[in-house]
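Participant: Here this note's numbering = 1-based position in the sequence shown + 36. There's a structure below that I have some questions on.
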Amino acid sequence: MLALLASGLSRSSSNNKLAESENSAQNSNNMSWGTELWDQNENLAIHTNRGIDALDKFANFLRDRVAIETEYAGKLRRLVKNYQPKKKEEEDNEFTSVQAFRNLLKEVGDLAGQREVVSESLQLQIIAGVTLLSKTLREDRKKCLSDGATLQQNLTTQLSSLDRAKRNYEKAYRDSEKAVDSYKRADMDLNLSRAEVERYKNVMTSKIQQSDDAKNEYANQLQKTNNLQQQHYSMLLPSVLNRLQELDEKRTRGFREFIVGAADVESSVAPIIARCMEGIVKAGESINEKEDTFKVIERYQSGFTPPRDIPFEDLSKCDPDSVQESHYSNSTSNHLTIRGTMSANKLKKRVGIFNIFGSNKNSLTADGQKEDFSDLPPNQRRKKLQAKIAELTQNIAQETKARDGLMKMKIVYEANSSLGNPMTVEGQLNESEHKLEKLKVDLKKYQGFLEKASQVPTATSSPQASRNQLQNGHRTSRHSNGSADDHHDDGDDQPDDAGSLSSSSASPESGLGTSHTSLPGSGQGSANENAIGEDTYYETEVETLNPVGKCRALYPFEASSEGSIPMSEGEELQVIEIDQGDGWTRVRRENNSNGWDEGFVPTSYIECTLYA
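Below, the structure written as structure tokens:
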């Protein structure tokens, strides 16, 4: 029973509060400044001025915030630019941690863009609106106050006229009273003549008439004043005050809309910022330590086997010169092993003075490496050769397509001369044939290099294995003085693949390049293509063609430049090389004719999903 009573009281209380709030809202709607604040003109003028000042203060706040947003976005962009990987660091892009950091920088750049969007939106939408509203309100307020001052001046003038008419009436009334008293005394005075009495009577009559006229004027001015005052306080002044009220309500309503609008601007970019945060989290989660470890092994693995035990050297049974040479060969082989396994990420070259007389014709590539990559460790050499063969195969496929297209064009021109002159295609066709023939020759050459590299056993290619051969007395070299090789066995005059790497190597610190062809007349020639003919050591990045992700074409693309491939909208492709900052991504598609098509497409035309 008590619970029901309490519930009823609670509902009654809530209903009363609701009714009170509705009545208050209704009363506030019925109340106006013109009726409630008819005598607070000055205070209302001060209030409206402070309200507009508050609106201007809000505009200044937004301007300062826009400046902060712009500065923040600019600093974020500079931060991203400063931490972009340098060109010398591009070889580390294959590691998942580096890729994650690049994705992080991309997302931070997108965050900077969203802050710029907030800044521009606040500037164009909110600040411009606040400034325009403030200007309009000040002009309307000035006009309202001017109208109110005019009305007050008119009322004051009328009150002055009433006061003046009243004073005139009071003076005329007093003068008429005096004139009546003077006439009565003169009329009772027997000593005065009839003419003098008549004069007093005329003065009295004149004063009474003046008093009546002043009275009528006073009554007229009083009526005018009352009418004007009633109109002033019931219609004219309330109209002005109500305009001020509308002006202030417009300012208040605008204040509300602008604050909400500023929040909406911030909320509009919140989903994009949330996606940026998700992208950063996804980038962090994509880091795979095991995959990075495997890529380190894949990059730096030389293919050599660890050195075997060092045999005991019995000095009583060895030639001292041979022992000295053996020690030098050991240090040389050890140095090459370290260079081949630990420091293969830089490209360095030092040429010994004896290389001037070398007859090794193995040319260098654009990055300073030998054409057959014989200066690299076996494992890295094979990867380089495989990548070069894949590149040549792709170039041959592209050039074959170009040649076939030219041949078709020539056939069409020959069938219909109005379409074009066949001779104009002849030169391009010959050039394409020469280029294709050269590519095929290069492909055959690199296939031979790969076959030769694959035939070399890993163990016998190790510098330590060659060092052991030297210690067993099969072959020695006087590297210290640059003399020709001294062989114990005449059968070793021709260099073999197993011993060429160590027997032709020298320490980079020595500055001497030695090989079987280091001196003219040594009888070795350029047959030793796998030997290191000069004192060099290299580090290089092994290019991989394994797909790093997949992508979907957002728009169709017609290939118009060399190296690009066309694609249709919605087509699924494999990503084999991400954008390196030039706006192009290398992709691959399956082709029924020759297996695969590879080429570049614009990064903005595709949506990529990289493998974790």
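No residue lacks a Cβ here, since even glycine has one placed at the ideal position from N, Cα and C. Remember, predicted model here, so these are calculated numbers, not experimental data.
Of all the options Ser212, Phe348, Ser270, which has the alpha carbon lying nearest to the alpha carbon of Gln245?
Facilitator: If we check each option's Cα against that of Gln245, Ser212 comes out closest.
Participant: Which residues in the same chain as Glu435 place their Cβ atom closer than 7 Å to its Cβ, once the five residues preceding and following it in sequence are excluded?
Facilitator: Excluding sequence neighbours, Glu435 sits near Ser468, Lys471, Leu472, Leu475.
Participant: Taking 8 Å as the cut-off, does the region 302 to 319 touch the region 175 to 187 (at least 3 CB pairs, one atom from each stretch)?
Facilitator: Flag = no, the region 175 to 187 and the region 302 to 319 do not touch.
Participant: Give me the Cβ distance between Ser197 and Gln265, rounded to the nearest whole Å; I'm assuming they're in contact under 8 Å.
Facilitator: Rounded, the Cβ-Cβ distance is 12 Å, inconsistent with contact.
Participant: Between the C-alpha atoms of Lys331 and Thr167, what's the straight-line distance to the nearest angstrom?
Facilitator: Cα-Cα distance, rounded: 60 Å.
Participant: Can you tell me the Cα-Cα spacing of Ala136 and Gly320, whole angstroms?
Facilitator: So the two alpha carbons sit approximately 6 Å from each other.
Participant: Check Leu609 in the structure and name its three-state DSSP category.
Facilitator: Three-state DSSP puts Leu609 in a strand.
Participant: Report buried or exposed for Phe485, applying the criterion of at least 16 other Cβ atoms within 10 angstroms of its Cβ.
Facilitator: Looking at its Cβ environment, which holds 16 or more other Cβ atoms inside 10 Å, Phe485 is buried.
Participant: Using only CA atoms, which one of Lys326, Phe409, Ile333, Val623 lies nearest to Thr735?
Facilitator: Because the chain is modelled from 37 through 648, residue 735 falls outside the range shown and cannot be assessed.
Participant: Count the other C-beta atoms from every protein chain shown that fall within 10 angstroms of the C-beta of Thr192, then say buried if there are 16 or more, exposed otherwise.
Facilitator: Exposed: under 16 other Cβ atoms inside 10 Å.
Participant: Have a look at the DSSP bridge pairing and note the partners of Arg624.
Facilitator: Arg624 pairs with Gln610, Glu634.
Participant: Is Tyr647 buried or exposed, if buried means 16 or more other CB atoms sit within 10 Å of its CB?
Facilitator: So Tyr647 counts as exposed.
Participant: Looking at the secondary structure, which residues open and close the alpha helix (DSSP H) in which Leu115 lies?
Facilitator: Residues 77 to 118.
Participant: State the Cα-Cα distance for the pair Asn204 and Ser270, rounded to the nearest angstrom.
Facilitator: Approximately 30 Å, taken between the alpha carbons.
Participant: By DSSP, does Arg588 sit in helix, in strand, or in coil?
Facilitator: In this structure, Arg588 counts as strand in the three-state DSSP scheme.
Participant: When burial is assigned at 16 or more other CB atoms within 10 Å of the CB, is Arg289 buried or exposed?
Facilitator: Burial call: exposed.
Participant: With distances taken Cα to Cα, identify the nearest neighbour of Val102 among Lys406, Ala298, Thr84.
Facilitator: Residue Ala298 is the option with its Cα nearest to Val102.
Participant: Looking at the structure shown, is Ile601 part of a helix, part of a strand, or coil, going by DSSP?
Facilitator: Reduced to three states, the DSSP call for Ile601 is coil.
Participant: With C-beta atoms as the reference, is Ala90 less than 7 Å away from Glu152?
Facilitator: Not a contact, by the Cβ cut-off of 7 Å.
Participant: Would the beta-carbon of Leu590 fall within 7 Å of that of Tyr641?
Facilitator: Their beta carbons are under 7 Å apart, which means Leu590 touches Tyr641 by this criterion.
Participant: Classify Lys406 as helix, strand or coil using the three-state DSSP reduction.
Facilitator: Correct three-state label for Lys406: strand.
Participant: Could you check the C-alpha separation between Val216 and Glu232 for me, to the nearest Å?
Facilitator: Val216 and Glu232: Cα-Cα distance of roughly 14 Å.
Participant: In three-state DSSP terms, what is Ile323?
Facilitator: It is coil, neither helix nor strand.
Participant: At what residues does the alpha helix (DSSP H) containing Leu191 begin and finish?
Facilitator: Taken as a continuous stretch (DSSP letters only), the alpha helix (DSSP H) holding Leu191 covers 164 to 224.
Participant: How many angstroms separate the CA atom of Glu613 from the CA atom of Pro583?
Facilitator: For Glu613 and Pro583, the distance between alpha carbons rounds to 8 Å.
Participant: Could you give the DSSP three-state label for Ile346: helix, strand or coil?
Facilitator: If DSSP states are grouped into helix, strand and coil, Ile346 belongs with coil.
Participant: Within 10 angstroms of its Cβ, does Gly509 collect 16 or more other Cβ (buried), or is it exposed?
Facilitator: Annotation note: pLDDT 41 at Gly509 (below 50); position unreliable, no value reported.
Participant: Where does Phe330 fall in DSSP's three states?
Facilitator: Looking at Phe330 - three-state DSSP - the assignment turns out to be helix.
Participant: Can you give the Cα-Cα distance for Lys124 and Leu412, rounded to whole angstroms?
Facilitator: Answer to the nearest angstrom: the Cα atoms are 20 Å apart.
Participant: At the level of alpha carbons, what is the spacing between Asn431 and Arg439?
Facilitator: So the two alpha carbons sit approximately 12 Å from each other.
Participant: Would the region 218 to 236 and the region 279 to 295 be scored as touching if the rule is three or more Cβ pairs under 8 Å?
Facilitator: Too few Cβ pairs lie closer than 8 Å, so no.
Participant: Counting along the chain, where does the alpha helix (DSSP H) carrying Glu253 start and finish?
Facilitator: Element bounds for Glu253: 230 to 267.
Participant: Does the distance from the C-beta atom of Gln337 to that of Asn457 stay below 7 Å?
Facilitator: In this structure, Asn457 does not lie closer than 7 Å to Gln337 by Cβ.
Participant: Under a three-way DSSP split, which group does Leu472 fall into?
Facilitator: Three-state DSSP puts Leu472 in a helix.
Participant: Contact defined as beta carbons within less than 8 Å: I believe Ile309 pairs with Leu147. What is the distance between those atoms, to the nearest angstrom?
Facilitator: That pair is a contact at about 6 Å.
Participant: Quick one, are the C-beta atoms of Lys481 and Val461 less than 7 Å apart?
Facilitator: Contact: no.
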